[in-house]
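Everything on this sheet refers to the single structure shown next.
2 protein chains.
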Amino acid sequence: MLIVKKFGGTSVADKERIFNVAKRCIEDYNKGNDVVVVLSAMGKSTDDLLAMAADINPDMPKREVDMLLATGEQTSVALMSMAMRALGVPAISLNAFQVAMHSTSTYGNAKFKRIDTDRIQHEIDNRRIVIVTGFQGINKYDDITTLGRGGSDTTAVALAAALHADACEIYTDVEGVFTADPRKVPNAKKLPEITYDEMLEMATLGAQVLHNRSVELAKKYGVQLVVRSSLTTAEGTVVKEVTKMESMVVNGIATDKNTARIAVIGLQNTPGVAFKVFNILGKKNINVDVILQSIGRDNTKDISFTVSEEQADEAMEILEENKKALTADHIECDKNVAKVSVIGAGMQTNAGVASKMFEALYNAGINIRMISTSEIRITVLVDEDCADRATKAAHDMFIED
Amino acid sequence: MLIVKKFGGTSVADKERIFNVAKRCIEDYNKGNDVVVVLSAMGKSTDDLLAMAADINPDMPKREVDMLLATGEQTSVALMSMAMRALGVPAISLNAFQVAMHSTSTYGNAKFKRIDTDRIQHEIDNRRIVIVTGFQGINKYDDITTLGRGGSDTTAVALAAALHADACEIYTDVEGVFTADPRKVPNAKKLPEITYDEMLEMATLGAQVLHNRSVELAKKYGVQLVVRSSLTTAEGTVVKEVTKMESMVVNGIATDKNTARIAVIGLQNTPGVAFKVFNILGKKNINVDVILQSIGRDNTKDISFTVSEEQADEAMEILEENKKALTADHIECDKNVAKVSVIGAGMQTNAGVASKMFEALYNAGINIRMISTSEIRITVLVDEDCADRATKAAHDMFIED
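In structure tokens:
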């Protein structure tokens, strides 16, 4: 069996943890499996490198930042290989060049295009554990790219797909995917299984267990993922196309406090106004989420939407600059909001989930500011200080019952 | 004019020094020159990485050590590129893969085989300052190799040769090559010029200004070097094939205290005994220097030679193990010795240098333990505590007069 195992930065933060990971990989190897390991940079080293870069050049030229950041994973994989060899197992580290992991050219946010398997396969055939740098690729200029934060998950899935691996295990500091954040909802349950689509909604909405792009890629290539803890031997959560749990309508409650609500008030009620607003934001790469359009006073339109808190100020700035062209009366921003979402593939065949959600929040005395739904998700915007109560209310309604 | 400039680790140890180097390179660039910069790892970072490796795996698997160490220069070049861009100059960093700097396969001690110039030339043609990682190469397996300590000098010379550069400047923390160590001989003079051969003798004998292999390579490809300070704008020393200074017989006095004398006493006076001694040492990669063979008591032979202090214990061990096979009576080791050498291309056409050297040491009351000569060098072994006095005596005799 060929197993791809991915470990994040905290799992390789020091010597003790490196050896802990090495031993876990060697266990699988000694059972006769072929093992490919994907690693992130150690602990906070990526942050440290970014701080160095910002100190030298606040503009942070992206190509050079990627060149710099790539040293982080290269350090991890070299040390891991040394650790495994210290334990008597043949291991070899490979960076994105050596593999070769071909990506698009976009520095800081590259996507994989093609992964060569010759070198890895050759090392596997020689019964070596192969340790690959996560998070990085090379583009058509032979320059180093990075995939953006959490990109090592994507590296693992892409390698699993390219190598036709039998399993792809994502090791993290939690025991799997939970029905809600266990720190906030003490009776949150670990899910044995979850579908790709559910996981995608969870990831997008701030569950922070798996990098979003990695789930999309897993879905595209049918790579079955297991999310599990690097600290315990608990079973973890399997992420796959179809789960057996059709009976469970809602599989998770995701909470995202990193959100701000922007309202553009008093727009002329003419066609194309909404287009203008989102076109301006799109040009600045501001990602807009939950959108609501309503009729304001004097036959004007109000358009509200959410953005991440980091992008809120930039969004406000660009909208204020264009206030006249947009015919807006004024623009408001409220960072004191949070998104709470219930997610479940079973929603597609179960009516009444939305009304149950609203009932739960009503009973908890929580005001709903905006609503957005997909086939497998219902999201409500609430005041940030109500978010944890809303999560708990939804959890009690859907998971506990 | 195409200039290759190499800066060592201390020259890029922190933000301030990085910008200092950046500005020096930009000065040349702004005069219309094409500039290629070779950098070592920042400050003590190579030592830090080696310590990490030794902590994880005391055996230090060489391939993985090179993979690890290579991150040091990659960090330097990325930060330098950011610094130059912060100063408004287009710059690009390249590692050994990107260049590509093809080397032999020997990890930790690789030699360059071939350097591709397409990528660098392309960047130069676009009027970019190109910043290349020193010290590292890639071998035929696409694995990262390193050239051994001080290898960045070699990278600079190899690049200058491959690119047919008009100048190759090695920046260091001294102002050039001196007639003796200025810390020991206060009236040591900076040499405006020195030949490759003289420089080679100086480097081998512990002058520590230029990496030996870089001088050999410069001689082979006729790359004219300039050794100069990264801290001042003083002129530096030119290293070339033939200098104009035929009149000056001795160009430098080199002192090497990192030496130990080993004596193998009472060997049978039969053919092949010397071969056996040095064959045993050669197999263990122990480098032997000044050799002396003399007749001992009872028609036996004594063989003495010097090794570096680091290798002395290993040499003693292997000789003791083979004492019987060597027919040796006993083996002695004395670490309390030093080599003092006078070096000058002019010696070849000037008789009497040796006798003047012995005269100088005699006048200073210094006992000579062993003597070794080449065409352009006379080396004497003296007690270590006499070394500085011997250096000064030779300097007074040859340089001051």
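Each protein sequence line maps, in turn, to chains A and B.
Take the first sequence: its position 109, counted from the start at 1, is 109 in the UniProt record's numbering, and no numbers get skipped.
Take the second sequence: its position 130, counted from the start at 1, is 130 in the UniProt record's numbering, and no numbers get skipped.
Ideal Cβ placement from N, Cα and C applies to all residues, glycine included.
- Taking CB atoms only, B/MET67 has a neighbour in chain A less than 7 Å away.
- By the Cβ test, the region 325 to 332 of chain B is in contact with the region 250 to 268 of chain B, since at least three Cβ pairs between them sit closer than 8 Å.
- Residues of chain A with a Cβ closer than 7 Å to the Cβ of B/GLU123 do not exist, since the nearest Cβ in that chain sits about 10 Å away.
- For the options B/GLY346, B/GLN348, B/LYS339, the alpha carbon positioned closest to that of B/ALA390 is the one of B/LYS339.
- Here B/ASP118 is exposed, its C-beta having fewer than 16 other C-beta atoms within 10 Å.
- Collapsing the DSSP output to three states places A/GLY43 in coil.
- For B/LYS184, same chain residues with a beta-carbon under 8 Å away, outside a window of 5 residues either side, are THR255, ASP388, THR391, LYS392 in chain order.
- Bounds of the alpha helix (DSSP H) holding B/PHE278 are 273 to 283.
- By DSSP's assignment, B/ASP256 forms a beta bridge with B/LYS339.
- One alpha carbon belongs to B/ASN57, the other to A/ASP34, and they sit about 23 Å apart.
- With contacts defined as CB atoms closer than 7 Å, B/VAL130 and B/VAL36 qualify as a contacting pair.
- By the rule that beta-carbons nearer than 7 Å mark a contact, B/SER93 touches chain A.
- If you compare the alpha carbons of A/LEU191, A/VAL380, A/MET347, A/LEU49 with that of A/LEU292, the shortest gap goes to A/VAL380.
- Exclusion of the five residues before and after A/ALA53 leaves MET60, VAL65, LEU68 as the residues of its chain whose Cβ lies within less than 7 Å of its Cβ.
- Segment contact: the region 211 to 231 of chain B against the region 150 to 157 of chain B, three or more CB-CB distances shorter than 8 Å; contact assigned.
- DSSP, read as helix, strand or coil, puts A/LEU94 in strand.
- Relative to A/ASN126, the option among A/SER103, A/ALA91, A/THR145, A/ASP142 whose CA is nearest is A/ALA91.
- Residues of the region 32 to 63 of chain A with a C-beta less than 9 Å from any C-beta of chain B: LEU49, MET52, ALA53, ASP55, ILE56, ASN57, PRO58, ASP59, MET60, PRO61, ARG63, listed in chain order.
- With contacts defined as CB atoms closer than 7 Å, B/ASP181 and B/MET1 fail to qualify as a contacting pair.
- Across the region 73 to 89 of chain A, CB contacts with chain B closer than 8 Å involve GLN74, THR75, VAL77, ALA78, LEU79, SER81, MET82, ALA83, ARG85, ALA86, in sequence order along the chain.
- Taking 8 Å as the Cβ-Cβ cut-off, the region 352 to 379 of chain A has no residue approaching chain B.
- Beta-carbon to beta-carbon, A/ILE26 and A/VAL89 are separated by about 5 Å, close enough to satisfy the 8 Å threshold.
- The alpha helix (DSSP H) runs lying completely inside the region 110 to 154 of chain B and spanning 4 residues or more are 118 to 125, given in chain order.
- According to DSSP, residue pairing for B/LYS15 in a beta bridge does not occur.
- Rounded to the nearest angstrom, the gap between the Cα atoms of A/ILE280 and A/LEU319 is 8 Å.
- If the five residues before and after B/ILE18 are omitted, its C-beta is found closer than 7 Å to the C-beta atoms of VAL12, LEU79, MET80, ALA83, all from its own chain and listed in chain order.
- B/SER341 counts as buried, since at least 16 other C-beta atoms from the protein chains shown sit within 10 angstroms of its C-beta.
- C-alpha of B/VAL223 to C-alpha of B/TYR196: approximately 10 Å in a straight line.
- Nearest to A/GLY344 by C-alpha distance, out of A/HIS395, A/ALA51, A/GLU359, A/GLY148, is A/HIS395.
- Taking a Cβ-Cβ cut-off of 9 Å, B/GLN136 has no neighbours in chain A, whose nearest Cβ is about 12 Å from it.
- Residue burial annotation: B/LYS324 is exposed, with fewer than 16 other C-beta atoms found within 10 angstroms of its C-beta.
- Exposed is the label assigned to B/ALA351, since fewer than 16 other Cβ atoms lie within 10 Å of its Cβ.
- For B/GLN74, the enclosing alpha helix (DSSP H) starts and ends at 62 to 86.
- The continuous alpha helix (DSSP H) containing A/ARG389 extends over residues 387 to 395.
- A/ASP173 sits in coil when the DSSP states are folded into three classes, being neither helix nor strand.
- Within the region 14 to 27 of chain A, those residues whose Cβ lies closer than 9 Å to any Cβ of chain B are, in chain order, LYS15, ILE18, PHE19.
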